[in-house]
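Notes to accompany the following structure.
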Amino acid sequence: MEPGDPRRLHRLHDGDLAADERARVEAGLSDEDRARLAAIEQVGAALRNTLEAEAAGFDIAAAVMARLPASPATAGVTPISAARSWRSRARGVLGSRSVWLSTAVAAAAAVLLFALPWGGGVAEAATDECEIESLEVTGASATVLRLPATRGEGTSTVVWLDEEEGP
Amino acid sequence: MDPPSRSVGDHQLVEEARAGSQAAFRGLVERYQRKIYGMAFAMLRDSDQAKDVVQDAFIKVYQHLGDFQGASGFYTWLYRIAMNLCIDRTRRAKRIAQVEFEDDAAHDDGGASEVSPHRLGFDPARALDDQEIRGQVLAALDQLSPKHRAVIILREVEGLSYKEIADAMECSQGTVMSRLFHARKKMQEMLRSFVEGDGRGSALSGDRQQ
Amino acid sequence: MRLAVAVALLLCAAGPVRADEPGARCLLRVVHALPQEGGVDEKLAPLKDRLTRAPFREWKTFKLLSTEERDLQPSAAAEYPLPGGQKASLLFAEHATSPEGKHLVRGSFKLEGGKSTSRTMFSLDEGGVLLVAGQKHAGGILIYALSCKTEK
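Chains as they are written, first to last, in the numbering used here: chain A, 106 to 272; chain B, -2 to 207; chain C, 764 to 915.
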């Protein structure tokens, strides 16, 4: 990280720097840098205090407990009769993205997609066996499923296309 | 919003809940419900919807306790589920293409994420008992995209590391940093404009710090 | 026309091809999944674990329709004929390294000519598999299984 890199202040504030780098950055802080750090802290404090006050007294435990099924499902016990129902569950649990683009929107999206740093040397988005960087679909809805690793396999990534009904 | 005493760890409560102890699960609910609600309210800006998300998130967690492997920690797992529920709801309200692509194009903003060296012009502690200030903070949050909002909440309110946020949001740490820095800058600009602007922040500027 | 523009833009964005840049060897398997009992084609053994769990549990027969392995140069696309007059094109963009130091192949997989079209831009570990599934075909669905490795 270069000394003039504005990201260094955020990373310093967030405790993301290694000890030696932290010491080096702290030693080189200007008054303006310190003011920026204080400003970053103020934004965070305002947010924390606001949400703490908004959530004060919130208690929904009784309502949650009233809605619980008799016992928690356990892996391998939950019946999964159809992939469709599994997929709808996965949207919430595993994290997914659903894209249903009209032709016009797809064209617009393409412009944005190519603005991604495709030509760079490092794929910062990829951390698993397969990372979907973008997805364009017409004539179907798409869901990206990240399936947990099992039996020695790594994570699997499935792009599921649900084609629209019609002629 | 701190969770109750951690004398009993999350893992133990999860194990007991898996074994059928509803009391253990209730302990987890009581520990995290306000934190989840704060996040959901900030994301959705609607108390009823936030309440629904909190309930749905805990129900989902309960239904899938058997799938939980503990690699990311119960709290991160719960957060991920709740955040996905929030994002699903925001998607329903917006055209999907905007939600998917709006901020990805603006990630690499280089030096543009640098915050101003100026203070906000009001004491952030006043947000605890001043509804108008809270309204301004929430209005500033509204100006962020759902993903930017999520990242700043996970970092500033929940104290998650870049790595934990990346895990929770299924994106890279670089993306987390870009979103976070952009969100902070935008929040700062909005909050300062409330103080310095067209009178909307007059109640705040009475407490100007510098 | 739009697709042509998209491919051109992608090629430009990928930057100039370096002479010393290794290519990628990419394997595309096309699988026909059917709901009737029938088992997994023995040629699909490497994918069996993936195909016999969710989200594929409602399909009981998996037939390998085609297997094609191609050596691709950076920014070069290859086309694969598919059942039903469809075609797939695979564009290998570049090699990359993840923050964890894993080697990755970045590219784009496009399906067109059928009821739906899709284009997926991916980063794939060596040894990883990208599955694109769900297109309806002859009483079942098609599953495309893509894997890539560095060309030696």
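The beta-carbon is built from N, C-alpha and C at its ideal position, and this holds for glycine as well.
Residues that residue i contacts on chain A, provided the C-beta gap is smaller than 8 Å
| i | result |
| --- | --- |
| residue 162 (chain B) | None at all; the shortest Cβ gap to chain A is about 10 Å. |
| residue 894 (chain C) | 261, 262, 263 and 264 |
| residue 115 (chain B) | 140 and 144 |
| residue 153 (chain B) | 148, 149, 152 and 153 |
| residue 159 (chain B) | 119 and 121 |
| residue 86 (chain B) | Within 8 Å Cβ-Cβ: nothing; residue 86 (chain B) doesn't reach chain A, min ~11 Å. |
Residue closest to residue i, alpha-carbon to alpha-carbon, out of the options
| i | options | result |
| --- | --- | --- |
| residue 72 (chain B) | B:10, B:176 and B:188 | B:10 |
| residue 788 (chain C) | C:880, C:882 and C:855 | C:855 |
| residue 898 (chain C) | C:836, C:871 and C:795 | C:795 |
| residue 55 (chain B) | B:181, B:40 and B:31 | B:31 |
| residue 793 (chain C) | C:819, C:827, C:786 and C:857 | C:827 |
| residue 59 (chain B) | A:173, A:164 and A:144 | A:173 |
| residue 125 (chain B) | A:138, A:152, A:114 and A:124 | A:152 |
| residue 85 (chain B) | B:35, B:40, B:15 and B:7 | B:40 |
| residue 877 (chain C) | A:127, A:140, A:154 and A:266 | A:266 |
| residue 247 (chain A) | C:910, C:883 and C:891 | C:883 |
| residue 16 (chain B) | B:62, B:35, B:52 and B:122 | B:62 |
| residue 156 (chain B) | A:113, A:111 and A:118 | A:118 |
| residue 857 (chain C) | C:874, C:835 and C:875 | C:835 |
| residue 147 (chain A) | A:162, A:123 and A:115 | A:115 |
| residue 137 (chain A) | B:33, B:70 and B:111 | B:111 |
| residue 113 (chain A) | B:80, B:174, B:185 and B:78 | B:174 |
| residue 115 (chain B) | B:26, B:53, B:186 and B:6 | B:186 |
| residue 212 (chain B) | A:133, A:123, A:143 and A:261 | Examination of residue 212 (chain B) is not possible in this model, given that chain B is present from -2 through 207 alone. |
| residue 184 (chain B) | A:145, A:238 and A:111 | A:145 |
Beta-carbon neighbours of residue i, restricted to chain B and to distances below 7 Å
| i | result |
| --- | --- |
| residue 130 (chain A) | Chain B residues near residue 130 (chain A): none, gap ~15 Å exceeds 7 Å. |
| residue 264 (chain A) | What residue 264 (chain A) touches in chain B: nothing, since even the nearest Cβ is about 14 Å away. |
| residue 172 (chain A) | 52 and 56 |
Beta-carbon neighbours of residue i, restricted to chain C and to distances below 7 Å
| i | result |
| --- | --- |
| residue 247 (chain A) | 881 |
Residue i and residue j closer than 8 Å at C-beta
| i | j | result |
| --- | --- | --- |
| residue 893 (chain C) | residue 846 (chain C) | no |
| residue 138 (chain B) | residue 146 (chain B) | yes |
| residue 42 (chain B) | residue 141 (chain B) | no |
| residue 159 (chain B) | residue 121 (chain A) | yes |
| residue 902 (chain C) | residue 822 (chain C) | no |
| residue 148 (chain B) | residue 188 (chain B) | no |
| residue 149 (chain A) | residue 13 (chain B) | no |
| residue 165 (chain A) | residue 48 (chain B) | yes |
| residue 28 (chain B) | residue 170 (chain A) | no |
| residue 801 (chain C) | residue 824 (chain C) | yes |
| residue 791 (chain C) | residue 831 (chain C) | yes |
| residue 738 (chain C) | residue 155 (chain A) | What is shown of chain C runs 764 to 915, which leaves residue 738 (chain C) out entirely. |
| residue 851 (chain C) | residue 907 (chain C) | yes |
| residue 20 (chain B) | residue 83 (chain B) | no |
| residue 814 (chain C) | residue 872 (chain C) | no |
| residue 881 (chain C) | residue 250 (chain A) | no |
| residue 236 (chain A) | residue 885 (chain C) | yes |
| residue 911 (chain C) | residue 874 (chain C) | no |
| residue 51 (chain B) | residue 78 (chain B) | no |
| residue 895 (chain C) | residue 130 (chain A) | no |
| residue 870 (chain C) | residue 853 (chain C) | yes |
| residue 35 (chain B) | residue 160 (chain A) | yes |
Closer than 8 Å at the beta carbon, the chain B residues around residue i
| i | result |
| --- | --- |
| residue 133 (chain A) | Those within 8 Å of residue 133 (chain A) in chain B number zero; the least Cβ separation is about 16 Å. |
| residue 302 (chain A) | This structure does not reach residue 302 (chain A), given that chain A is present from 106 up to 272, and the question cannot be answered. |
Where residue i meets chain A, residues with beta-carbon distance less than 7 Å
| i | result |
| --- | --- |
| residue 124 (chain B) | 151, 154, 155 and 158 |
| residue 185 (chain B) | 144 and 148 |
| residue 19 (chain B) | 170 and 173 |
Contact set between residue i and chain A, taken where Cβ atoms lie within less than 9 Å
| i | result |
| --- | --- |
| residue 48 (chain B) | 163, 165 and 168 |
| residue 209 (chain B) | What is shown of chain B runs -2 to 207, which leaves residue 209 (chain B) out entirely. |
| residue 190 (chain B) | Simply none; closest approach about 13 Å. |
| residue 887 (chain C) | 231, 234, 235, 236 and 262 |
Chain-ordered neighbours of residue i on chain C, where CB pairs are closer than 9 Å
| i | result |
| --- | --- |
| residue 268 (chain A) | 877, 878, 879, 897, 898 and 899 |
Where residue i meets chain C, residues with beta-carbon distance less than 8 Å
| i | result |
| --- | --- |
| residue 250 (chain A) | 818 |
Any non-hydrogen atom of the ligand GDP closer than 7 Å to residue i Cβ
| i | result |
| --- | --- |
| residue 31 (chain B) | Among the components modelled here there is no ligand, and therefore nothing to report on the ligand GDP. |
Using a Cβ cut-off of 7 Å, which residues of the region 232 to 244 of chain A contact any Cβ in chain C, in chain order? 232, 234, 235, 236, 237, 238, 239, 240, 241, 242, 243 and 244
Taking only runs that begin and end inside the region 855 to 907 of chain C, name each unbroken beta strand (DSSP E) of 3 or more residues, in chain order. 866 to 875, 880 to 888 and 893 to 900
Short-range partners of chain A found in the region 808 to 826 of chain C, where Cβ spacing is below 9 Å: 812, 813, 816, 817, 818, 819, 820, 821 and 822
Quick one: which unbroken alpha helix (DSSP H) runs of 4-plus residues sit fully inside the region 117 to 162 of chain A? Chain order, please. 124 to 132 and 136 to 160
When Cβ atoms are compared, which residues of the region 127 to 149 of chain B fall closer than 8 Å to chain A? 130, 131, 134, 135, 138 and 149
Interface positions of the region 853 to 870 of chain C facing chain A (Cβ-Cβ less than 8 Å), listed along the chain: 856, 857, 859, 860, 861, 862, 863, 865, 867 and 869
Using a Cβ-Cβ cutoff of 7 Å, what residues of the region 134 to 145 of chain A are near chain B? List them in chain order. 137, 140, 141, 143, 144 and 145
What residues from the region 21 to 41 of chain B come within 8 Å of chain A, judged by C-beta to C-beta, listed N to C? 22, 23, 26, 27, 30, 31, 32, 34, 35, 36, 38 and 39
Completely contained alpha helix (DSSP H) runs for the region 109 to 156 of chain B, where each covers 4 or more residues: 128 to 139 and 143 to 149
Could you name each continuous alpha helix (DSSP H) segment of 4 residues or more that falls completely within the region 788 to 832 of chain C, going from the start of the chain to the end? 811 to 814
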